[in-house]
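*Asks:* Take a look at the following structure, please.
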Amino acid sequence: MAMPLAPLSRAAAVRAPPPARARRVAAASTAAGEHAPASAPATSSFAPAGSARGKGSVVAHVATLVAPPAVAADALPPRGPVAPPPPPPPAAGRLRPRFSGAAPSPSPSPPPRPRGRSPPPSIDEADLLPASAFEDDYSFGELLGRGTFGEVRVASPRDGGRQVAVKILDKRVGDADMREAILAEVGFCRVLQACPSVARLVGAYEGPDRVYIATELCCGGDVASLQAASGGRLSEPEAAAVMLAVLRFLAHAHRSGVCYGDVKPENFTLRGLYPSISHLLDPTAPKGRLDVCAVDFGTCQTTEPDVCLSDLPISGTPAYLAPEAFHDCFGMASDVWAAGCMLYHLLSGGFPFWLGSAHQFHGMTSSELRDGILRGSPMFTKDPWGSYSPRVKDLICRMLEKDPNQRITAAGAAAHQWFAEALGDEAAAAAAPRASAR
Numbered sequence: 002m003a004m005p006l007a008p009l010s011r012a013a014a015v016r017a018p019p020p021a022r023a024r025r026v027a028a029a030s031t032a033a034g035e036h037a038p039a040s041a042p043a044t045s046s047f048a049p050a051g052s053a054r055g056k057g058s059v060v061a062h063v064a065t066l067v068a069p070p071a072v073a074a075d076a077l078p079p080r081g082p083v084a085p086p087p088p089p090p091p092a093a094g095r096l097r098p099r100f101s102g103a104a105p106s107p108s109p110s111p112p113p114r115p116r117g118r119s120p121p122p123s124i125d126e127a128d129l130l131p132a133s134a135f136e137d138d139y140s141f142g143e144l145l146g147r148g149t150f151g152e153v154r155v156a157s158p159r160d161g162g163r164q165v166a167v168k169i170l171d172k173r174v175g176d177a178d179m180r181e182a183i184l185a186e187v188g189f190c191r192v193l194q195a196c197p198s199v200a201r202l203v204g205a206y207e208g209p210d211r212v213y214i215a216t217e218l219c220c221g222g223d224v225a226s227l228q229a230a231s232g233g234r235l236s237e238p239e240a241a242a243v244m245l246a247v248l249r250f251l252a253h254a255h256r257s258g259v260c261y262g263d264v265k266p267e268n269f270t271l272r273g274l275y276p277s278i279s280h281l282l283d284p285t286a287p288k289g290r291l292d293v294c295a296v297d298f299g300t301c302q303t304t305e306p307d308v309c310l311s312d313l314p315i316s317g318t319p320a321y322l323a324p325e326a327f328h329d330c331f332g333m334a335s336d337v338w339a340a341g342c343m344l345y346h347l348l349s350g351g352f353p354f355w356l357g358s359a360h361q362f363h364g365m366t367s368s369e370l371r372d373g374i375l376r377g378s379p380m381f382t383k384d385p386w387g388s389y390s391p392r393v394k395d396l397i398c399r400m401l402e403k404d405p406n407q408r409i410t411a412a413g414a415a416a417h418q419w420f421a422e423a424l425g426d427e428a429a430a431a432a433a434p435r436a437s438a439r
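According to my numbering, the stretch in the sequence shown is residues 2 to 439, in order.
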């Protein structure tokens, strides 16, 4: 388990700024925070039908990882002018949506009219330390991940203290709102620090070309890597431990008025090694604890329960898009839907509404995506679902309810009986919701 890190060197008061231009959440949606397992395929972009910004269309900004040539472990992004990354190649292939029964579920009615949104949290300019201070105090090491707008590296204190993970964001890539989006990400991370399932923030630093966001180093890798190392599926107890932490985090974020916006295995990491070294040496020893935390806050938005965020581009990853996204709406209920897709994926290696493997999913068309989400039903007829508890299937169905107004909340999902069954009563009691749940 990760040891506590040094506190911030300056006050970290968070307050709402005057209304600003709508930030483009895609600018930071995968900014260097995604770590793809070595065995996983590269994720191709999804091109929605029609204009990506037009009303009435599938509005989905999906930032993709760019894989430039490898650099030395201690290298930083170049300081010269940086051109935007080239567009990804078009997707290829077909994947057929799967429907349960003769009559597929109808498309849900549009959700209630949105009531707007609040400005994102912000940080005082004085709380941003100069980037040179970080460069003087830390040396850059191993590359952990690379995204469209920067990268994540291990950074070691020159005085021999604890290592941290530093997200290095290049301000020259993107548009005029890039800096605003970066600072909003830091603000959201600070707002959510009270949640145990959030990576500890060490500090934020800004220079002419870069912003450094330093957090605790979670050395266990992301959940996607754990799934790949486990043969593409997790056991019920393992999936329960992961999803309990994810749902606790979402419940905390929603109580704080924050919609996370991009729930998926790549955005949650393990604080410590799993399985433990003792288990690797002796398979009869316990595997250890799955201590999961959220690490990427670039797609967070402030909102209220049951409110649509229709004034911004929809963030998120195609496989996890909720039905209401096709009505230009996104909100807290959409986080729960994505968590339901994640639970299904961790247990089966596939996605709830399509035949075929996760590899095939990345080549599907926009119409296939829409049909599967709006009309499909989760299927539990094939292996490995026959060996799983009926309660986990019930939880998945509640989380994948088409109507966002009837969908279970994150707090309600965390209190579901399946967690007591998979992990024991003590874990279920610890997950008791602090807010009303459907």
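Heads up, the beta-carbon is just placed ideally off N, CA and C, and yes, glycines get one too.
1. Can you give the Cα-Cα distance for Arg159 and Val167, rounded to whole angstroms?
2. CA-CA distance, Glu207 and Ala177?
3. Which residue from His280, Tyr213, Leu370 and Leu271 puts its Cα closest to that of Leu322?
4. Kindly provide the ranges of any alpha helix (DSSP H) runs that are 4 or more residues long and lie completely inside the stretch 140-221, ordered along the chain.
5. Measuring CB to CB, does Leu227 end up less than 9 Å from Val243?
6. Measuring straight from C-alpha to C-alpha, what distance separates Ala132 and Phe331?
7. Quick check: the Cα distance between Phe362 and Val247, rounded to an integer number of angstroms?
8. Given that a residue counts as buried once 16 or more other Cβ atoms are within 10 Å of its Cβ, and exposed if not, what is Asp137?
9. Does the distance from the CB of Cys301 to the CB of Ala339 come in under 9 Å?
10. Under the rule that 16 or more other beta-carbon atoms within 10 Å means buried, what is His328, buried or exposed?
11. What residues in its chain sit with their C-beta under 8 Å from that of Arg180, if we drop five residues either side in the sequence?
12. Sorted by chain position, which residues of the same chain lie with C-beta nearer than 8 Å to Gly289's C-beta, five sequence neighbours on each side aside?
13. Distance, Cα to Cα, Asp223 vs Pro353?
14. Verify the contact flag: Arg371, CB atom, against every heavy atom of the ligand ATP, threshold strictly below 8 Å.
15. Could you tell me whether the Cβ atoms of Gly258 and Glu305 are closer together than 9 Å?
16. Does any CB atom of chain B fall closer than 9 Å to the CB of Pro324?
17. Would you kindly report the start and end of the unbroken alpha helix (DSSP H) that includes Cys342?
18. Relative to the alpha-carbon of Gly233, which residue among His346, Asp336, Ser157 and Arg408 has its alpha-carbon at the smallest distance?
19. From Gly341 to Arg399, what does the alpha carbon distance come to, in whole angstroms?
20. Between Val337 and Ala414, which are expected to be in contact by the criterion C-beta below 8 Å, what is the C-beta distance as a whole number of angstroms?
21. Determine the direct distance from the alpha carbon of Ser140 to that of Lys394, and round the result to whole angstroms.
22. Can you tell me where the alpha helix (DSSP H) with Ala295 in it begins and where it stops?
23. Could you have a look at Cys260 and say whether DSSP puts it in helix, strand or coil?
24. Nearest CA to the CA of Leu348: which residue from Ser388, Thr318 and Ser378?
25. So, helix, strand or coil for Leu271, using DSSP?
26. What do you reckon, are the CB atoms on Ala241 and Phe381 nearer than 9 Å?
27. So for Leu322, helix, strand or coil by DSSP?
28. Let me know the secondary structure DSSP gives Gln302 once reduced to three states.
29. Do you know how far the Cα of Ser368 is from the Cα of Gly142?
30. I'd like the span of the alpha helix (DSSP H) that includes His328, first residue to last.
31. Let me know the beta strand (DSSP E) ranges lying completely inside the stretch 218-242, each 3 residues or longer, listed in chain order.
32. Val174 and Phe150 - do their beta-carbons sit closer together than 9 Å?
33. Drop a sphere of 10 angstroms on the beta-carbon of Asp128, count the other beta-carbons inside from all chains shown, and report buried for 16 or more, exposed for fewer.
34. Leaving out five residues before and five after Ala195 in sequence, what residues of the same chain have Cβ atoms less than 6 Å from its Cβ?
35. Go ahead and label Pro122 buried or exposed: buried means 16 or more other beta carbons lie within 10 angstroms of its beta carbon, across all protein chains shown.
36. How is Pro391 classed by DSSP in three states: helix, strand or coil?
*Replies:* Once the coordinates are examined:
1. The sequence position of residue 159 within the sequence shown is 158, counting from 1. The sequence position of residue 167 within the sequence shown is 166, counting from 1. Cα to Cα, Arg159 sits roughly 15 Å from Val167.
2. For the purposes of this step, residue 207 is taken as the residue at position 206 of the sequence shown. For the purposes of this step, residue 177 is taken as the residue at position 176 of the sequence shown. Distance between the alpha carbons of Glu207 and Ala177: 16 Å.
3. Translated into positions along the sequence shown, residue 322 becomes position 321. Per the Cα distances, Leu370.
4. 179-192
5. Start at 1 with the first residue of the sequence shown, and residue 227 comes out as number 226. Start at 1 with the first residue of the sequence shown, and residue 243 comes out as number 242. In contact: Leu227 and Val243 (Cβ atoms closer than 9 Å).
6. Position 131 of the sequence shown, counted from the start, is the residue given in the question as residue 132. Position 330 of the sequence shown, counted from the start, is the residue given in the question as residue 331. Those two C-alpha atoms are separated by around 35 Å.
7. Reading the sequence shown from its first residue, position 361 is the one you call residue 362. Reading the sequence shown from its first residue, position 246 is the one you call residue 247. Distance between the alpha carbons of Phe362 and Val247: 24 Å.
8. One-based indexing of the sequence shown puts residue 137 at position 136. Asp137 comes out exposed.
9. By 1-based counting over the sequence shown, the position of residue 301 is 300. By 1-based counting over the sequence shown, the position of residue 339 is 338. Cβ distance not < 9 Å, so Cys301 and Ala339 don't count as in contact.
10. Counting from 1 along the sequence shown, the entry for residue 328 is found at position 327. His328 is buried by the Cβ-count criterion.
11. In the sequence shown, residue 180 corresponds to position 179, counting from 1. Result list for Arg180: Lys172 and Val212, in chain order.
12. The count along the sequence shown starts at 1 and reaches residue 289 at position 288. Within the same chain, Gly289 has close Cβ partners Gly273, Leu274, Tyr275, Pro276, Ser277, Ser279 and His280.
13. The residue labelled residue 223 in the question sits at position 222 within the sequence shown. The residue labelled residue 353 in the question sits at position 352 within the sequence shown. Straight-line Cα distance between these residues: approximately 22 Å.
14. You won't find the ligand ATP in this model; it holds no ligand whatsoever.
15. As a working mapping, residue 258 is identified with position 257 in the sequence shown. As a working mapping, residue 305 is identified with position 304 in the sequence shown. Going by C-beta atoms, Gly258 is nearer than 9 Å to Glu305.
16. Given the protein chain composition of this structure (a single chain), no chain B is represented.
17. Along the sequence shown, one-based indexing puts residue 342 at 341. In the DSSP annotation of this structure, the continuous segment of the alpha helix (DSSP H) that includes Cys342 starts and ends at Met333 to Ser349.
18. Counted from its first residue, the sequence shown places residue 233 at position 232. Taking only the C-alpha atoms, the option nearest Gly233 is His346.
19. Sequence index remark: in the sequence shown, residue 341 carries index 340 (1-based). Sequence index remark: in the sequence shown, residue 399 carries index 398 (1-based). Roughly 8 Å separates the two Cα atoms.
20. By 1-based counting over the sequence shown, the position of residue 337 is 336. By 1-based counting over the sequence shown, the position of residue 414 is 413. The distance from the Cβ of Val337 to that of Ala414 is about 6 Å, consistent with a contact at the 8 Å cut-off.
21. The residue given as residue 394 occupies position 393 in the sequence shown. The residue given as residue 140 occupies position 139 in the sequence shown. Answer to the nearest angstrom: the Cα atoms are 48 Å apart.
22. The residue given as residue 295 occupies position 294 in the sequence shown. First-last for Ala295: Val293 to Ala295, but that is the beta strand (DSSP E), not the alpha helix (DSSP H).
23. Here residue 260 is taken as the residue at index 259 of the sequence shown, counted from 1. It is a strand residue.
24. As a working note, residue 348 is residue 347 in the sequence shown. Looking at the Cα atoms, Ser388 is the closest of the given residues.
25. Here residue 271 corresponds to residue number 270 of the sequence shown, with the count starting at 1. Correct three-state label for Leu271: strand.
26. On the sequence shown, position 240 is the one that residue 241 refers to. On the sequence shown, position 380 is the one that residue 381 refers to. Taking 9 Å as the Cβ cut-off, Ala241 and Phe381 do not qualify as a contacting pair.
27. As a first step, residue 322 is located in the sequence shown; it is residue number 321 there, counting from the start. If DSSP states are grouped into helix, strand and coil, Leu322 belongs with coil.
28. Locating residue 302 in the sequence shown gives position 301, counting from the first residue. Note: Gln302 maps to strand in three-state DSSP.
29. As a working note, residue 142 is residue 141 in the sequence shown. As a working note, residue 368 is residue 367 in the sequence shown. About 44 Å.
30. Residue 328 sits at position 327 when you count from the first residue of the sequence shown. It is not in any alpha helix (DSSP H) - His328 carries neither H nor E in the DSSP assignment.
31. none
32. For this step, residue 150 is matched to residue 149 along the sequence shown. For this step, residue 174 is matched to residue 173 along the sequence shown. With a cutoff of 9 Å on beta-carbon distance, Phe150 and Val174 are scored as near each other.
33. By one-based count along the sequence shown, residue 128 stands at place 127. By the 10 Å Cβ count, Asp128 comes out buried.
34. Residue numbering aside, residue 195 sits at position 194 when the sequence shown is read from its first letter. If we look at Ala195 and ignore the five residues flanking it on each side, it has no Cβ neighbours.
35. Counting from 1 along the sequence shown, the entry for residue 122 is found at position 121. Counting the other Cβ atoms within 10 Å of the Cβ of Pro122 gives 16 or more, which makes it buried.
36. If you number the sequence shown from 1, residue 391 lands on position 390. Note: Pro391 maps to helix in three-state DSSP.
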